[in-house]
Every structure is written in structure tokens, then in C-alpha cells.
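Residues in the sequence shown are numbered consecutively from 66, following our numbering.
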Amino acid sequence: MKYKHFLYLLIFLISPLLSFANKDLMADAQYAKGQYKEARVSYQALLNEGYQSAALYFNMGNACYKLDDIPSAILYYEKARHLSPADEDINFNIRFANQKTTDKIDEAPEFFLNKWWHGFILMFSLSTLSILSIVFIFLSSLVLIGYLFTRSVVLKKTSFYISIVLFAIGLVFIFMGNRQSAYFDSHKQAIVFTSTVTVKSSPASAAKTLFVIHEGTKVDVLETISNRIKIKLANGSEGWIGAGDVKEI
Numbered sequence: 066m067k068y069k070h071f072l073y074l075l076i077f078l079i080s081p082l083l084s085f086a087n088k089d090l091m092a093d094a095q096y097a098k099g100q101y102k103e104a105r106v107s108y109q110a111l112l113n114e115g116y117q118s119a120a121l122y123f124n125m126g127n128a129c130y131k132l133d134d135i136p137s138a139i140l141y142y143e144k145a146r147h148l149s150p151a152d153e154d155i156n157f158n159i160r161f162a163n164q165k166t167t168d169k170i171d172e173a174p175e176f177f178l179n180k181w182w183h184g185f186i187l188m189f190s191l192s193t194l195s196i197l198s199i200v201f202i203f204l205s206s207l208v209l210i211g212y213l214f215t216r217s218v219v220l221k222k223t224s225f226y227i228s229i230v231l232f233a234i235g236l237v238f239i240f241m242g243n244r245q246s247a248y249f250d251s252h253k254q255a256i257v258f259t260s261t262v263t264v265k266s267s268p269a270s271a272a273k274t275l276f277v278i279h280e281g282t283k284v285d286v287l288e289t290i291s292n293r294i295k296i297k298l299a300n301g302s303e304g305w306i307g308a309g310d311v312k313e314i
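If you want it as C-alpha cells, here you go:
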């Protein structure tokens, strides 16, 4: 009877995963057949059900790109990047899609230490960092157990230092994950979805016009006042636009 209850519990736990896999395979099959509209609807249905993964966002971005919906493609590529920042395919597609946007904005030079630091904390995805931290701390614990039970002085010293090193590496991965999460939380970004947006010097609608941006442009969101947001471009230019002109990543 206990085994029966366990089986029911196992089926209950894995059934959502099987459902996701089936729907994902169906969407992938539609995409492979060139049925991009149908694939987009299927990927969107998965997102509406609460599923999130770098692969799902990436595939959704590809479907949008094939439908020439560049702002949506960039939005979903950027969402995928948040989950897997070091993925070369995702970063390549972001650069490729940006070539089809109207605004070609050069990034402001970044101090080399900041660039190195961001590269370091974004080296792995958050899920990978979580797994690595658990693995190294677990290995450290195993080696420490060996230290407690071995009688050899040499093995005791060796296992002790190895345990300390493995534990320290695990802590480094935890630290990287924490900093990566804080980085994305503090860097709120959005994609412009309005074809042409006039950027103002203040939240007031009668404020001076500074410049114009177009759909597909990525902006940093600095501040929100009512239905107006203060944005910053990659080149450092700042100004105010309507909150409805963008979709947050």
C-alpha cells in the first residue's frame, strides 16, 4: 500500500514536467516546419502557464524574429540572457537582432575593472552557480568525513586542506550567484515597443524634446513617476518617456 501511495505521489510530481515537455516538443516541431505563428502561440501558452527557462525564451525570440517582430524578439532574447548570461547563441542573436533596429547606439566606454567584474559574475547562469556551489560544498563535506576517520597524519592534513579549498570554492560560487542576482535586480532594463518615441527633459508632457528613439532599442530604467519613466541609453543619454512605450525585460 505504501508503494502505491509513493507511485501516485511520483506521478503527481512528474506530470507537470511531462506536460511541459510535450507542449515544448509540439512548439519546436511547429517552428521546424516553418509554422512560426503557431509556434509563437504555443511558446506563449507555456509562458502563460508560468514556465520559464533560457531555452524557452530563446525559442520564443526566434519565433518572433522569424515573424519580423524585432522588439519582441529582442525582449525574449534579453529575458533568456538574464537566465543564461554567458550563452553564446543568445548573445549572438541579440547582436544580430539589434542590427535590424533603427537606432544604432554605441555603448559608452566601461572602466576595465567594472568590465572584468561583470564578466566574472556573469560567467555562469544562476542555476549553474547554484549546482556548482552545492556540489563543491558536498564534496568538501565528504573529504572532511575522510579527515575525521582516517588515522594517517599525512592523509589527515591533506584531506583537511582539500576540504577547506573545496568549501572556499563553493562559497565563491554562492557569492557569484548572489552578485549576479543583485546585478540584474539593480539594472532594470526595458525594450521600446512604440515605433517612434520622443524623449523629454522632464516628466512633464510640455518639457523640452531631447532626442528620438525607435522600437527595439534597449534602455535602462532609472526612475518611475506616475506613468512616466526616466531612461538611460547605452551611450549615457538620459531622458523621460511614457511607461507604456516600453516592456520591461
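A virtual CB, placed ideally from N, CA and C, is assigned to each residue, including glycine.
Exercise for review: Output yes or no for whether 8 Å exceeds the beta carbon distance between N292 and A308.
Suggested key: yes
Exercise for review: Note down, in chain order, each residue of its chain lying with its Cβ closer than 7 Å to the Cβ of F249, except the 5 sequence neighbours on either side.
Suggested key: H147
Exercise for review: Could you spell out where the alpha helix (DSSP H) holding R105 opens and where it closes?
Suggested key: 101–113
Check your understanding: Between the C-alpha atoms of I159 and T215, what's the straight-line distance to the nearest angstrom?
Key -> 54 Å
Exercise for review: Would you tell me roughly how many angstroms separate the C-alpha atoms of D134 and G184, rounded to the nearest one?
Suggested key: 30 Å
Review point. Exposed or buried, which one is S80 when buried takes at least 16 other CB atoms within 10 Å?
Key: Note that S80 scores 45 on pLDDT, short of 50, meaning its location in the model is unreliable; the coordinates nonetheless yield the value given after this. Counting Cβ neighbours within 10 Å, S80 comes out exposed, since fewer than 16 surround it.
**Study point:** Assigned exposure category for F173 - 16 Cβ within 10 Å defines buried
**Key:** Sequence check: residue 173 is Ala here, not Phe. By the neighbour-count rule (16 or more Cβ atoms within 10 Å), A173 is not buried but exposed.
Exercise for review: Answer yes if the region 238–247 comes into contact with the region 176–195, meaning at least three C-beta pairs across the two stretches below 8 Å, and no otherwise.
Suggested key: yes
Point to revise | Own chain, CB closer than 7 Å to F255, minus 5 neighbours either side, in chain order | key: In the sequence as presented, Phe is not what sits at residue 255; that position holds Ala. Closer than 7 Å at Cβ, skipping near neighbours: V284, V286, V311, K312, E313, I314.
Exercise for review: Using the Cα positions of S149 and L121, report the straight-line distance between them to the nearest angstrom.
Suggested key: 12 Å
Check your understanding: Can you tell me whether DSSP reads A271 as helix, strand or coil?
Key -> coil
Check your understanding: So what does DSSP say about H252, is it helix, strand or coil?
Key -> coil
Review point. What residues are listed by DSSP as bridge partners for E153?
Key: E153 pairs with nothing; no bridge assigned.
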